[in-house]
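Participant: Residue numbers (my numbering), protein chains in the order written: chain A, 1 to 383; chain B, 384 to 766.
Where a beta carbon is used, it is the ideal one built from N, C-alpha and C, also for glycine.
Values in this document were obtained by computation on a predicted structure and should not be read as measured data.
There's a structure below that I have some questions on.
2 protein chains.
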Amino acid sequence: MAIFGPKYNQVGVSLPGVAGKVDSPAFDAIGVEHVDALVRGCAVLGAGGGGDAYMFKIMAELALSETGPVPLVSLDDLPDDGIILPLAMVGAPMVFAEKILSGFEGLTLKAAIEDALGREAVAVMAPEIGGGNGVLPLAWAARLGLPYTDADGMGRAYPTIPMTTMHLAGLPVSPAVIVDARDNVLRFDTCDNFWAERLVRGSTTQMGAMTSSVLYPMTAADARRSTVIGSVSKALRVGSLLVYGTEGVSRAVDELDAVVLSVGRVVDIERRIEYGWVRGSLTVEGSGDFRGRLLHIEIQNENLVALEDGKVMASVPDIITVLETESGVVISTDRLRYGQRITVIGFAADPIWRTPAGLAVGGPRAMGYDFDFVPIEEIHAHA
Amino acid sequence: MAIFGPKYNQVGVSLPGVAGKVDSPAFDAIGVEHVDALVRGCAVLGAGGGGDAYMFKIMAELALSETGPVPLVSLDDLPDDGIILPLAMVGAPMVFAEKILSGFEGLTLKAAIEDALGREAVAVMAPEIGGGNGVLPLAWAARLGLPYTDADGMGRAYPTIPMTTMHLAGLPVSPAVIVDARDNVLRFDTCDNFWAERLVRGSTTQMGAMTSSVLYPMTAADARRSTVIGSVSKALRVGSLLVYGTEGVSRAVDELDAVVLSVGRVVDIERRIEYGWVRGSLTVEGSGDFRGRLLHIEIQNENLVALEDGKVMASVPDIITVLETESGVVISTDRLRYGQRITVIGFAADPIWRTPAGLAVGGPRAMGYDFDFVPIEEIHAHA
Chain A
1 MAIFGPKYNQ VGVSLPGVAG KVDSPAFDAI GVEHVDALVR GCAVLGAGGG GDAYMFKIMA
61 ELALSETGPV PLVSLDDLPD DGIILPLAMV GAPMVFAEKI LSGFEGLTLK AAIEDALGRE
121 AVAVMAPEIG GGNGVLPLAW AARLGLPYTD ADGMGRAYPT IPMTTMHLAG LPVSPAVIVD
181 ARDNVLRFDT CDNFWAERLV RGSTTQMGAM TSSVLYPMTA ADARRSTVIG SVSKALRVGS
241 LLVYGTEGVS RAVDELDAVV LSVGRVVDIE RRIEYGWVRG SLTVEGSGDF RGRLLHIEIQ
301 NENLVALEDG KVMASVPDII TVLETESGVV ISTDRLRYGQ RITVIGFAAD PIWRTPAGLA
361 VGGPRAMGYD FDFVPIEEIH AHA
Chain B
384 MAIFGPKYNQ VGVSLPGVAG KVDSPAFDAI GVEHVDALVR GCAVLGAGGG GDAYMFKIMA
444 ELALSETGPV PLVSLDDLPD DGIILPLAMV GAPMVFAEKI LSGFEGLTLK AAIEDALGRE
504 AVAVMAPEIG GGNGVLPLAW AARLGLPYTD ADGMGRAYPT IPMTTMHLAG LPVSPAVIVD
564 ARDNVLRFDT CDNFWAERLV RGSTTQMGAM TSSVLYPMTA ADARRSTVIG SVSKALRVGS
624 LLVYGTEGVS RAVDELDAVV LSVGRVVDIE RRIEYGWVRG SLTVEGSGDF RGRLLHIEIQ
684 NENLVALEDG KVMASVPDII TVLETESGVV ISTDRLRYGQ RITVIGFAAD PIWRTPAGLA
744 VGGPRAMGYD FDFVPIEEIH AHA
């Protein structure tokens, strides 16, 4: 698997060398010095989506430099009935990079949802650890003076609101609130989570294909049975391995037990903003060991499916991530360009997504594809 | 003007013969026996829009037969700080006739807006007296046990939310709430009234082109300076004159000092549901005194402009209403069909709409037409 040479020579941000998953945070707090690792780790887990993290990285660094470190808390450390605020951007990642946030959207969201619930929040959570949506809530947490929760609702990034572990656990998206830069504040109490998607997406499209949101407000007790535990620690760990250069890619591949699906050059990219999402496809012409092979990737905010000669090489819910080969920097779907020299990796999603219930919501058929999911390690068992 | 014979032989519903406008209600309460006159009067004031009243008529009759009469109150009878609920349908009138309401939507709307304002409502108002939207709030008022206010926010019907006298007076649409039959409840706190239109319309389109709404919640003190006073009394008065048959049309024409724009047959009707509105156009081939003449009417929920040989015969904000010639029944824009024998009348809007501020919001240019408003009595001064 290690095609990039030596591995595990950990440099960059100093993190404990945690080998497996963790049930409690690897640290007590996230300071400005950890943001870079968090950004890179979230990008790898993001399957190309969740928004390009560049703006959010700057926002988080600015916030933390002003407020000091944000405590990273385990769900076990929060009171059973403490309200957790899952904060995220909704919309098309291409827009996130163009419309700059104030960084204080969390204050409006918190006030509106506390008004709806009649109770105060005790912590912020990323409902989507992947991409910029794993980083931005940290900036909001800093501004709110609330801790960041070491968990998320996907363990990756996904394009629609019901594609969360909270939904699988039967929790409602409502009451939900979205806000925009004009101070429009919309609150949704919907009949189910699919209507939440439809209505939040529709309004977000009206509001410029980008809103800040609180979705699935819940108690810590509910969060313990409905989230992917340790997501932030995992992102920090992976991000700390992903040092600049091919070296970093190799380390991340090993850490994630990932499959390298292609090393080559972008020869075709088609991308459009369609109803609040980025949609399109990508073709990679292989080089080196992959010479003479074409990998085709289909996109809806995230990289959904990788195909070669019509054969599925990886698909949702497993995670397909594109990195720039030379630098090891993850390229989100909104940043893909013709001619980029990239490495495409794929790795297993959180096991919850491979259950029948998980596949019904986040598997290939849920995305409109007419094939059954096969775990990436089975597809590539011959390798 | 009276082309239909004898006039002012008042029959039908028994109403005081009020000749001019009233500043206080002509009665103390509206009972089931008054609904028919209210429906017909609102239809005439509706310019073809505000929704076909048939379903709403049945709902109002059912509600009043169960609850007894609803008090009709003057704004002067309400406490200065009493909250008034302007309740209405938003969406495409064609849909209102197909999706049947429960009649209890007002309870959800009232609860949500009282939660937003932290205060209880004292009365219901029709923000739009024209068409079904002048009738439905009466049914809701009955179910809520609240009085109905003798005022509205248009004096007619109009297709967009900022086209109200409340908007002209500087009152906000927000906080606004919309609900649908699935129990989706959306609350809007928007940066201005145009964004309220955009976001409420967008969500309504998602929710099936029809929602029940509370818009512009306000105190009685604010309502006194921002509404068309006496609208319900006027609708009742006009409706009581509009007895079945050509006789009724003649009486209404006289009462309203209306111009008969055409008597003839519908020879072309083009209509579609477009983004939460009914849009289209109508062509009337004249007969009798109008033989050899074609009248063309353009529609956006309401009849906006009447043209003959390219010349404007009447336009917003003045009110253009289509009645079935034989019966005197108003035909709303969603009920127009090829071959109907109709009489088209036009009459003056409330004077507020003829001011520069009123025309800027509700005049022909606000509707996208490239001509200045001329009052209907000036256009037809030669007649």
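Starting from A/D150, follow the beta strand (DSSP E) in both directions and report where the run begins and ends.
Facilitator: That run of the beta strand (DSSP E) goes 148-152.
Participant: What is the DSSP secondary structure of A/D115, counted as helix, strand or coil?
Facilitator: Of the three classes helix, strand and coil, the one that applies to A/D115 here is helix, per DSSP.
Participant: Per DSSP, which residues does A/H296 bridge with? Please list them.
Facilitator: According to DSSP, A/H296 bridges with A/T283, A/L307.
Participant: Would you tell me roughly how many angstroms separate the C-alpha atoms of B/Q723 and B/G647, rounded to the nearest one?
Facilitator: Looking at the two C-alpha atoms, the distance is approximately 8 Å.
Participant: Can you check whether the CB of A/L323 is closer than 8 Å to the CB of A/V330?
Facilitator: Their beta carbons are under 8 Å apart, which means A/V330 touches A/L323 by this criterion.
Participant: Within 8 Å (strictly less), CB to CB, does B/L687 reach chain A?
Facilitator: No, B/L687 lies away from the interface with chain A (no Cβ there is under 8 Å from its Cβ).
Participant: Going by beta carbon distance, what residues of the same chain come within less than 6 Å of A/K311, once the five residues before and after it are set aside?
Facilitator: None.
Participant: Would you mind working out which of B/A504, B/L529, B/G631 sits nearest B/Y599, comparing C-alpha positions?
Facilitator: Closest option to B/Y599, Cα to Cα, is B/A504.
Participant: Confirm, please, whether the CB-CB distance from B/Y541 to B/P511 is below 8 Å.
Facilitator: According to the sequence as given, residue 511 of chain B is Glu; it is not Pro. Yes.
Participant: Under the rule that 16 or more other beta-carbon atoms within 10 Å means buried, what is B/F571, buried or exposed?
Facilitator: Buried, by the Cβ-count rule.
Participant: Could you confirm whether any beta carbon from chain A is found closer than 8 Å to the beta carbon of B/S596?
Facilitator: No, B/S596 does not count as interfacial toward chain A.
Participant: What are the start and end residues of the alpha helix (DSSP H) that includes A/G91?
Facilitator: Element bounds for A/G91: not the alpha helix (DSSP H) but the beta strand (DSSP E), 83-91.
Participant: Against B/L569, what residues of chain A qualify as contacts under a CB-to-CB distance less than 9 Å, listed in chain order?
Facilitator: Here the neighbours are L186, R187, F188, D189, T190, L199, S203.
Participant: May I ask which residues mark the beginning and end of the alpha helix (DSSP H) holding B/V636?
Facilitator: Residues 629-639.
Participant: Just the Cα atoms here: how many angstroms apart are B/K404 and B/D464?
Facilitator: Low confidence applies to B/K404: its pLDDT is 41, below 50, so where it sits in the model is not reliable, and the reading given next is rough at best. Their backbone Cα atoms lie some 26 Å apart in a straight line.
Participant: Under a Cβ-count criterion, where at least 16 other Cβ atoms within 10 Å of its own Cβ denotes burial, should A/K99 be classed as buried or exposed?
Facilitator: A/K99 comes out exposed.
Participant: Of the residues A/M210, A/E302, A/G288, which one's Cα is nearest the Cα of A/M154?
Facilitator: The shortest C-alpha separation from A/M154 is found at A/E302.
Participant: Could you tell me the distance, in whole angstroms, from the CA atom of B/G745 to the CA atom of A/T165?
Facilitator: Answer to the nearest angstrom: the Cα atoms are 49 Å apart.
Participant: Extract the residue ranges of the beta strand (DSSP E) inside the stretch 167-211 of chain A, only unbroken runs of 3 or more that lie entirely within it.
Facilitator: Runs of the beta strand (DSSP E) inside the stretch 167-211 of chain A: 176-179, 185-189.
Participant: Mapping the DSSP letters down to three states, classify A/M59 as helix, strand or coil.
Facilitator: DSSP places A/M59 in helix when its eight states are reduced to three.
Participant: Taking 8 Å as the CB-CB limit, is B/W578 close to chain A?
Facilitator: For B/W578, the answer is yes, since a Cβ of chain A falls inside 8 Å of its Cβ.
Participant: With A/I268 as the anchor, note down where its alpha helix (DSSP H) starts and where it stops.
Facilitator: Checking the displayed sequence, the identity of residue 268 of chain A turns out to be Asp instead of Ile. A/D268 -> not in any alpha helix (DSSP H); beta strand (DSSP E) instead, spanning 259-274.
Participant: The beta strand (DSSP E) spanning A/V361 covers which residue range?
Facilitator: Counting along the chain, A/V361 falls outside any beta strand (DSSP E), though it belongs to the alpha helix (DSSP H) covering 356-362.
Participant: Can you find a C-beta in chain B that's less than 8 Å from the C-beta of A/V268?
Facilitator: Per the sequence shown, the amino acid found at residue 268 of chain A is Asp instead of Val. Output row for A/D268: interface = no.
Participant: Considering Cα atoms alone, identify which of A/W140, A/G46, A/G132, A/A37 is closest to A/V441.
Facilitator: The structure shown has nothing for residue 441 of chain A, since chain A only spans 1 to 383.
Participant: Can you give me the C-alpha to C-alpha distance between B/G388 and B/S645, rounded to a whole angstrom?
Facilitator: Low confidence applies here, because B/G388 scores a pLDDT of 27, under 50, leaving its location unreliable; read the following figure in that light. Cα to Cα, B/G388 sits roughly 17 Å from B/S645.
Participant: Going by beta carbon distance, what residues of the same chain come within less than 7 Å of A/G358, once the five residues before and after it are set aside?
Facilitator: Excluding sequence neighbours, A/G358 sits near L168, P317, I352.
Participant: Am I right that A/A142 and A/T190 are in contact with their C-beta atoms under 8 Å? What's the rounded C-beta distance?
Facilitator: With 8 Å as the limit, A/A142 and A/T190 do not qualify as a contact, their Cβ atoms being about 30 Å apart.
Participant: Could you check whether the stretch 513-529 of chain B touches the stretch 433-447 of chain B, counting it as contact only if at least three pairs of C-beta atoms, one from each stretch, sit closer than 8 Å?
Facilitator: Enough Cβ pairs lie closer than 8 Å, so yes.
Participant: Does any CB atom of chain A fall closer than 8 Å to the CB of B/R502?
Facilitator: It does not: the Cβ of B/R502 has no partner Cβ on chain A nearer than 8 Å.
Participant: In this structure, what does DSSP give as the bridge partners for A/R365?
Facilitator: A/R365 is not bridged to any residue.
Participant: Buried or exposed: A/V267, going by 16 or more other Cβ atoms within 10 Å of its Cβ?
Facilitator: Exposed is the call here.
Participant: In three-state terms, what does DSSP make of A/L78?
Facilitator: In this structure, A/L78 counts as coil in the three-state DSSP scheme.
Participant: Counting C-beta neighbours from all protein chains within 10 Å, is the total for A/A240 16 or more, i.e. buried, or is it exposed?
Facilitator: Checking the displayed sequence, the identity of residue 240 of chain A turns out to be Ser instead of Ala. Label assigned to A/S240: buried.
Participant: Can you list, in chain order, the residues of its chain with a C-beta nearer than 7 Å to that of B/V556? Leave out the 5 residues immediately preceding and following it.
Facilitator: Correct list, in chain order: I544, T573, N576, A579, L598, Y599.
Participant: When you compare the CB of A/Q300 with every CB in chain B, is at least one pair closer than 8 Å?
Facilitator: By this cut-off, A/Q300 is not an interface position.
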